[in-house]
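**Student:**
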Amino acid sequence: MLSLKENNPQIVKLNANNYSVWKFKMEMILIKEDLLHLIEDDTPSQPDEKYIKKDRQARAIINLCIEDSQIIHIKYETTAKATWNKLKTIHERSNLSSKLFLLRKLYATKMSEDGNMNEHIAQMLELIDKLKAVGEEIKDGHIAALLLVSVPKSYDTLITALEARPENELTPELIKNKLTDEYNRRKEQDSDRNLAQAFKTNVSFKSRNQNRNDKFLYNETNPTTFITDSAPITIESSLSDPKHILLANADTRSKAKVSFFIDSGASQHLINDECLFSSLDETADSIKIIVADGKIISSQGIGKIYFQTITKDGIHEICLQNAYYLPQLECNLLSVKRITEKGFTVNFNKNKCVVMKDKTVYLEAISNNNSLYEVIMHEDKVSNHNFAYNCNNHNCLYLWHKRLGHRNINSIKQLVKENLADGIQLDNCQHIGNCIHCIKNKLSEFPYPKEAKYRATHPLDLVHSDLCGPMPTQSVSGKCYFLTFVDDYSRYSMIYLLSKKDEVLSKLKEYIAMTRNKFGRTLKVLRSDNGGEYIGKEIEDFLKEQGIVHQLTVPYSPQQNGVSERKNRTLIEMTRCLLSEANLPQRFWAETAMTATYLQNRLPTKPKRKTPYELWTNHKPNLSHIRVFGCKAYAYIQKQKRGKLDSKAVEGIFLGYDYRSKGYRIYLGDNKIMISRTVKFIENPLPYDKKEAKELQNQDETTQQLVELELEHEENHSMEEGEINERIEVNPCEDDEYELSNSQIQTSQHRRSERKTKAAAAYKNLNVTHVDIKTAFLHGNLEDEVYMSQPEGYIQTGQEQKVCKLNKAIYGLKQAARAWHLKIGESLIKYGYEQSKADPCLFKFANNGNPMYIIVYIDDLLIAGKDEDIRKIIKELEEEYELKNLGEVNYYLGINIERTKEGNFALNQKNKIEEIVEKFNLKEAKPTNIPMDPNYLKQEGEDDILPNNTQYRKAVGALLYIATVSRPDIAVAVNILSRRNEKPRERDWNAVKRIIRYLKTTAELKLIINMDKEPILTAFCDADWANDKSDRKSTSGSVFKLGNCTIQWMSKRQNCVALSSTEAEYVSAANTAQVIVWLINLTKDLDLPQPLPVTIYEDNQSCIKLSQSDKHQSRTKHIDVKFHHIRHLRETGMIELEYCQSKEMTADILTKPLPRPAFEHHRTNLQLKTVSYSQNK
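With full-length UniProt numbering applied, the sequence shown corresponds to residues 1 to 1177, in that order.
1. Just checking, does the segment 1035-1042 make contact with the segment 947-957 on the three C-beta pairs under 8 Å criterion?
2. State buried or exposed for L1088, treating a residue as buried only when at least 16 other CB atoms are found within 10 Å of its CB.
3. Beta-carbon within less than 7 Å of A973's beta-carbon, same chain only, minus the 5 sequence neighbours each way: which residues are those?
4. I'd like the list of long-range same chain contacts for E729, defined as Cβ closer than 7 Å, with 5 residues on each side in sequence excluded.
5. Can you tell me where the beta strand (DSSP E) with Q1054 in it begins and where it stops?
6. Helix, strand or coil for Y936? Go by DSSP, reduced to three states.
7. May I have a chain-ordered list of the alpha helix (DSSP H) segments no shorter than 4 residues that lie completely inside the segment 594-637?
8. Kindly indicate which three-state DSSP category V525 falls into: helix, strand or coil?
9. DSSP puts F905 in a beta bridge; with which residues?
10. Given this structure, state the Cα-to-Cα distance separating H821 from E834, to the nearest angstrom.
11. Please state the DSSP three-state secondary structure of R979.
12. Per DSSP, what are the beta-bridge partners of V549 in this structure?
13. Report the partner residues of L985 according to the DSSP bridge assignment.
14. Please classify N975 as buried or exposed, where buried requires at least 16 other C-beta atoms within 10 Å of its C-beta.
15. Indicate the three-state DSSP secondary structure (helix, strand or coil) for N332 in the structure shown.
16. Quick check on DSSP: helix, strand or coil for E1098?
17. Examine the Cβ distances between the segment 1038-1056 and the segment 1153-1171 and report whether three or more of them are shorter than 8 Å.
18. Would F519 be called buried (16 or more neighbouring beta carbons within 10 Å of its own) or exposed?
19. Starting from I824, trace the beta strand (DSSP E) both ways and give me its first and last residue.
20. Going by DSSP, what residue range makes up the beta strand (DSSP E) through residue 1184?
21. Helix, strand or coil for Y33, going by three-state DSSP, please let me know.
22. May I have the straight-line CA-CA distance separating Q1108 from N1081, to the nearest angstrom?
23. Applying the criterion that 16 or more other CB atoms from any shown protein chain within 10 Å of the CB defines a buried residue, is Y19 buried or exposed?
24. Counting along the chain, where does the beta strand (DSSP E) carrying F845 start and finish?
25. From which residue to which residue does the alpha helix (DSSP H) around D1022 run?
26. Under 8 Å by Cβ, that's how I've got N347 and S367 pegged, so tell me the actual separation to the nearest angstrom.
27. Can you list, in chain order, the residues of its chain whose CB lies under 7 Å from that of N1176, leaving out five sequence neighbours each side?
28. Three-state secondary structure (DSSP) at K774?
29. Reducing DSSP to helix, strand and coil, say where Q746 ends up.
30. Give the straight-line distance between the Cα atoms of I128 and N177, rounded to the nearest whole angstrom.
31. Do A906 and K1000 come within 8 Å of each other at the CB atom, strictly closer than that value?
32. Given this structure, state the Cα-to-Cα distance separating N384 from F307, to the nearest angstrom.
33. Please name the residue, chosen from L1137, S278, A991 and L483, that lies closest to T597 on a Cα-to-Cα basis.
34. In this structure, what does DSSP give as the bridge partners for W1049?
35. Look at the alpha carbon of P223 and the alpha carbon of E317, and state the distance between them as a whole number of angstroms.
36. Helix, strand or coil for V917 per DSSP?
See below:
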């Protein structure tokens, strides 16, 4: 509080909540000091000294009457008027958020039954003043209604009387006076009453010679209170005025309100109303008490009571056990002793009593003037366990409401009022309220307003948004959804086409950037439904950063987002009509929806007498260019694109208006759209009948539409058992149960080619770009006639006997992969590429310019070359396929790929390893430094077979993928364990988990592909002779290097049983030589020709000698002829075997489990290292 002078009234300083009152008082002070003109009139251009002095005085008065939190707003203002206007701007800002806050608070303000009417009315009027200050005018009739609906139901009689008055008399002043008078009248009546609530319990013995066998209860905390079985207890009033004693005997139970009082002197809970008991045992022993008038009363039973309380911690249901029923008692008493016995704490102060447990408040009681503590009930109602509004009146309206099947109260009143039935009488006991059963079982959804109460006054004040989809058919460009933005003021709409829901945020950012650039400001409020695409953390954070208020509808209430929902319905309906009239396939829905939006923006809407286009752009739309959608169109061909004798126009279909240029969109077939401004239209009639439309559905490369083939009778006769194999029939639901023939196998890229290509790219410093072809298999051409039964759910009624003929490949068709590979191969060859003979998935550019390589793996393409060459081939491919350029390769088929400035690569599968660890619940497993126990192969026995091998096979399969892609250090362990797939043992399963634990420990290891040396091809081969005791077959291991980087490895069990270590090494060397021949051809295709012979390092001298000799010896003559192929390769100069010491034999890690020192040494030689390339990216 602040007093400016001795005689000045005090004024509360300005804060964030009291501006309306503060402004009025401050104006009064300025008037008193004759300073008001300083804030109302304009400041003189050259103020004199007197004016400046008074202005400083006024500014000082204002600044001294505000709280510290407000100083920041006016700290730098130099005049009283500037200071006043600044505070006015801050506190009287007229914006939607301020109005909404004040309106919500106004409508939510309700007076409690024991509230203060004067304070309540003052609070309501203050909120109304604040609303007026922010520009929201509330009429007097509305104010009067708000005052009436905000008071408790006990004022209903007064409200009914006021409703009988003429409407023009119901002014806010009249309502305020009537409510205040009624409140004062009730207050005076209450002061003349002495309810039983005013009693304190005091006990005095009437006789000292009590029967010693009488039982009594003694309250140790209050020794003056006794409850006995036979000795009566005297309850005397604590008030000396005789009228209070007399009033204490008045029956207060006629009131509808149920009250409980906290009594620290009572040793038991005492209840006076039988209706409050949910269960009552009337045979229990009774207790006796003496009331103030000397009457002795006895309890008539003991039972259980339920009621509800409301506290700051919520609504609680209270259960009183062993409560005594005394119908003559004037009030209900709750025993503090019994409450504390249940572990509750009871705290008393001057005005309040609180019952707590574990820091939760379960019950609160307020002290009235006669010092008793009355429990605060939840809406003054007892719990639904015994919900009867505690009325003993047999003519109670609520009782008849239950008797008559919970019929509407007004209908029951009508029975009596119009004398429509006998045997029914109603008393005005005022016990009826909200019936819980009626609420639970009759509640229906509240009606939605027919029109919005609020309408934006400027563009971007409010924008509605919704996502429509997924559509039953993908668009030509592969879109499945469209996203709408509707400006509330103009109803101007914009739509964005989406492939996935997660694109909503990017399109929202695009829309905000566009509108901000157009209007110079950001949209204020975005209204949408509760869809997951709108309520993610990322989108919420973005809206907060932009200062945009996000309004959401209640879940499952699309009516609250009516503008967007109606817009979607209108667009879909117009889209259907346009497609239907034009006889176009459904895949053109996206072009049609864009056209529908274009047209809707140029058509009037109900709320405005102007079109959305005019309100959005301030220009009236010109419709002279509008044409019939889907009509035949002839687009002019520029002379630069045609020959002298070529046609000057090309025929197509009109598909709408280009939003980036003043041109028409003309569909030419083959997924090609031409933008042209010079077009001749044939609008009437539309050119396509149903037959032509059917042909249109299948004329382009999109294969999602199936041509239906009717089998005539003669064809049915010819398709006998002997001829049915001439055609291939497909059931799309049974694609997993066939065996592939050689002509149907998908040609897939070898992992080895991928690493060689990266090595070549590293050596030649080429960029590697990742490209994804969308719906790749749908581009494949079928070599055979393929028929398919009509898909389930799409069978045409009346034509069930027909089947569908496939013109193109589809997903799930066993020929689809090969058909696609042939198709992409044709395309690349057309663009000047040559297909590698060593690997059909590798293509290289055929000219003598910059080298370029493309690896095809299903629908993923890796393109290695210079940037300009990569952009060129991508542009060429885009003309034929829809693709996505993923940029410089960094994640490919589950492989993390890092690259240095020098062009070296690092391959890692950390993400895949983490998936495996989590899948098999090994997150908390202990680490290990080697993948397999070196003594594992020495373990024998079959006594611990696993009952189920499913998990084992899954784990081995997952590890096999990692072993063949980037982790040769686990190759032999996985190879050994895969031999036990059919009958794994418990020890095998533990070994599998050990590999996973090893991968978890070494997840940061990366396979390095660098070219620090010349790209010379070398190999290491080794064998572990007969170490597997299960079948005594040896294990071959090979490592292939280009320069010093590992490009391929092999760990394989030999097919034969070697009779000596020399034979085992010889077989391994022969297998290695076979791969060398292939690698020589592959490196040649990668423009890395190899000098011959290629060196194979071997650590067995006898093996080397055997490869150099053509003699047949008794100990080696049994060796299969195919392994002697190595001699031919050595003689022709292709390979040469050289000796390598065993400790440097890198391939040893691929033949058997090794101890840690040797294992880590060879692992390093494989170029598996823990390095970080992030700083060099």
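Even glycine gets a Cβ: it sits at the ideal position worked out from N, Cα and C.
**Tutor:** By the coordinates alone:
1. No, the segment 1035-1042 does not touch the segment 947-957.
2. Looking at its Cβ environment, which holds 16 or more other Cβ atoms inside 10 Å, L1088 is buried.
3. Excluding residues within five positions, the ones whose Cβ falls inside 7 Å are P931, M932, I995 and P1153.
4. In this prediction, E729 has a pLDDT of 37, which is less than 50 and means its spatial position is unreliable; what the coordinates show is noted afterwards. For E729, where only same-chain residues beyond five positions count, the Cβ hits under 7 Å are Y787.
5. No beta strand (DSSP E) holds Q1054; DSSP gives it neither H nor E.
6. Of the three classes helix, strand and coil, the one that applies to Y936 here is helix, per DSSP.
7. 612-617, all fully within the segment 594-637.
8. Here V525 sits in strand by DSSP.
9. DSSP, once it has assigned bridges, lists R899 and I1009 as partnering F905.
10. The straight-line gap from Cα to Cα measures roughly 14 Å.
11. Of the three classes helix, strand and coil, the one that applies to R979 here is coil, per DSSP.
12. Checking the DSSP bridge columns, you'll see V549 partnered with V525.
13. Looking at the sequence itself, residue 985 is Arg, so the reference to Leu does not match. According to DSSP, R985 bridges with I945.
14. By the neighbour-count rule (16 or more Cβ atoms within 10 Å), N975 is buried.
15. The three-state reading of DSSP puts N332 in strand, counting E and B together.
16. DSSP places E1098 in strand when its eight states are reduced to three.
17. Judged by Cβ distances under 8 Å, the segment 1038-1056 makes contact with the segment 1153-1171, as three or more pairs qualify.
18. When all chains shown are included, F519 counts as exposed.
19. Not the beta strand (DSSP E): I824 falls in the alpha helix (DSSP H), residues A816 to K830.
20. With the chain running from 1 to 1177 in the structure shown, residue 1184 is simply not present.
21. Going by the sequence as given, residue 33 is Glu instead of Tyr. Coil.
22. Distance from the CA atom of Q1108 to the CA atom of N1081, rounded to whole angstroms, is 24 Å.
23. Looking at its Cβ environment, which holds 16 or more other Cβ atoms inside 10 Å, Y19 is buried.
24. For F845, the enclosing beta strand (DSSP E) has its first and last residue at L842 to F845.
25. No alpha helix (DSSP H) holds D1022; the beta strand (DSSP E) holding it covers L1017 to D1024.
26. N347 to S367, Cβ: 13 Å. No contact.
27. Note that N1176 scores 42 on pLDDT, short of 50, meaning its location in the model is unreliable and no value can be drawn from it.
28. DSSP places K774 in coil when its eight states are reduced to three.
29. Reliability fails at Q746, whose pLDDT of 35 lies under 50, so the model's placement of it is uncertain and the value that follows must be treated cautiously. Q746 carries a coil assignment under DSSP once its states are collapsed to helix, strand and coil.
30. Each residue's CA atom was taken as its position, placing I128 and N177 some 18 Å apart.
31. No, they are not a contact pair.
32. With a pLDDT of 39 at N384, under the threshold of 50, the predicted position of this residue should be treated as unreliable, and no value is reported.
33. The candidate whose alpha carbon is nearest that of T597 is L483.
34. The partner list for W1049 (beta bridge, DSSP) reads V1039.
35. Only weak support exists for where P223 lies, its pLDDT of 32 falling under 50; the value from the coordinates is given anyway. Here the alpha carbon of P223 sits roughly 31 Å from the alpha carbon of E317.
36. In this structure, DSSP gives V917 a helical state, which the three-state scheme calls helix.
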